[in-house]
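K.L.:
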């Protein structure tokens, strides 16, 4: 009875993590992995369940897929997704994602955690600094394909949606207005996550019950986040999220380096 209660409480916590990831992910154009991966690593041990960073990344891929499906559906209805741009650029992120997923299967946990922490700090810096936003159409740069491939590699390796890289690439290099860049990034990340999840499943790292809990929370959260994105004053949310990213990066670095 006690064990069943712990499992139920753990699943409620997992769904809660997915809910938070979905809301923040859809609002900020991220896959939610910046929330899911560290949160699973820190929350699950409280329920007597250990999880490696590679397993957390595998579960996060399903969360990213859910953000992509739910958030993109809402953005498509709002007419914000550049579908042609998404279809043209998604092959680069899919190939990069598959390569990153294979790296995630073979790289040491400390290496993955360190790269993840650095990405969190970079994301926080961008949010605090405020990206120079392009709102006027202009021809895309030749750097867009390699930059999107890099976004795919990061999504596969770290379990993020790639939006941390994709949104500025679409906005600054491809000349897509910021709200459409966020919507198109959400659309692309769903396509990329399918391949990533298959690689981790083949590697035996995907925990289906945990992934289902995350996906349920994310589907609800992403739908709400996509609706709220145009209404929420972004400044305070970005400040809070940036501080959360910095704190999480510090925790990860301490876990994998401070106790060495």
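In this note's numbering, the protein residues as written are 57 to 316. By construction, the Cβ of each residue, glycine as well, lies at the ideal position given by its N, Cα and C atoms. Remember, it's a predicted structure, so these values are computed and weren't measured experimentally.
#1: Alpha carbon to alpha carbon, how far is residue 303 from residue 181?
#2: With a 10 Å radius around its C-beta and 16 neighbouring C-beta atoms as the bar for buried, classify residue 64 as buried or exposed.
#3: Considering only the beta carbon of each residue, do residue 208 and residue 148 sit closer than 8 Å?
#4: Let me check understanding here. Comparing Cα to Cα, which of 294, 213, 129, 91 lies closest to residue 157?
#5: Among 67, 129, 211, which has the Cα closest to the Cα of residue 102?
#6: Rounding to the nearest angstrom, what Cα-Cα distance links residue 117 and residue 146 in this structure?
#7: Let me check understanding here. Comparing Cα to Cα, which of 74, 172, 225 lies closest to residue 92?
#8: What does the Cβ neighbour count give for residue 240, buried or exposed, with the cut at 16 atoms within 10 Å?
#9: Helix, strand or coil for residue 247 per DSSP?
#10: First and last residue of the alpha helix (DSSP H) that includes residue 162?
#11: Ignore the nearest five residues each way along the sequence and tell me which others in residue 258's own chain have a CB closer than 7 Å to its CB.
#12: Have a look at 237, 260, 72, 81 and flag the residue whose alpha-carbon is nearest the alpha-carbon of residue 297.
#13: Of all the alpha helix (DSSP H) runs that stay within the bounds of the region 212 to 285, which reach a length of 4 or more residues?
#14: In the DSSP assignment, find the unbroken alpha helix (DSSP H) run with residue 118 in it and report its ends.
#15: Count the CB pairs spanning the region 243 to 262 and the region 126 to 144 that are closer than 8 Å, and state whether there are at least three.
#16: Out of curiosity, what's the CA-to-CA distance linking residue 99 and residue 198?
#17: Measure the C-alpha to C-alpha separation of residue 221 and residue 232 and round it to an integer number of angstroms.
#18: Can you check whether the CB of residue 271 is closer than 8 Å to the CB of residue 119?
#19: Could you say which of 269, 121, 144, 166 lies nearest to residue 205 if we only look at CA atoms?
#20: Under three-state DSSP, which class holds residue 185?
#21: Taking residue 314 as part of the alpha helix (DSSP H), name the residues at either end of that continuous run.
#22: Thinking C-alpha only, which one of 122, 281, 97 is nearest residue 112?
#23: Looking at residue 165: is its Cβ nearer than 8 Å to the Cβ of residue 110?
#24: Can you tell which of 279, 107, 267, 178 has the C-alpha that lies nearest to the C-alpha of residue 306?
#25: Can you look up residue 88 in the DSSP assignment and give me helix, strand or coil?
#26: Compare the C-alpha of residue 229 against each of 153, 201, 216, 249 and name the closest.
#27: Can you have a look at residue 265 and say buried or exposed, based on whether 16 or more other CB atoms are within 10 angstroms of its CB?
P.N.:
Walking through what the data contain:
#1: When rounded, the distance between both Cα atoms is 13 Å.
#2: With fewer than 16 Cβ atoms within 10 Å of its Cβ, residue 64 is classed as exposed.
#3: yes
#4: 213
#5: 67
#6: 16 Å
#7: With distances taken between Cα atoms, residue 92 lies closest to 74.
#8: buried
#9: helix
#10: 139 to 162
#11: none
#12: 81
#13: 219 to 224, 234 to 258, 264 to 284
#14: 109 to 133
#15: yes
#16: For residue 99 and residue 198, the distance between alpha carbons rounds to 42 Å.
#17: The alpha-carbon atoms of residue 221 and residue 232 are separated by roughly 14 Å.
#18: yes
#19: 144
#20: Note: residue 185 maps to helix in three-state DSSP.
#21: Looking at the DSSP string, residue 314 is not in any alpha helix (DSSP H), and its letter there is neither H nor E.
#22: 97
#23: yes
#24: 178
#25: Coil.
#26: 201
#27: It counts as exposed.
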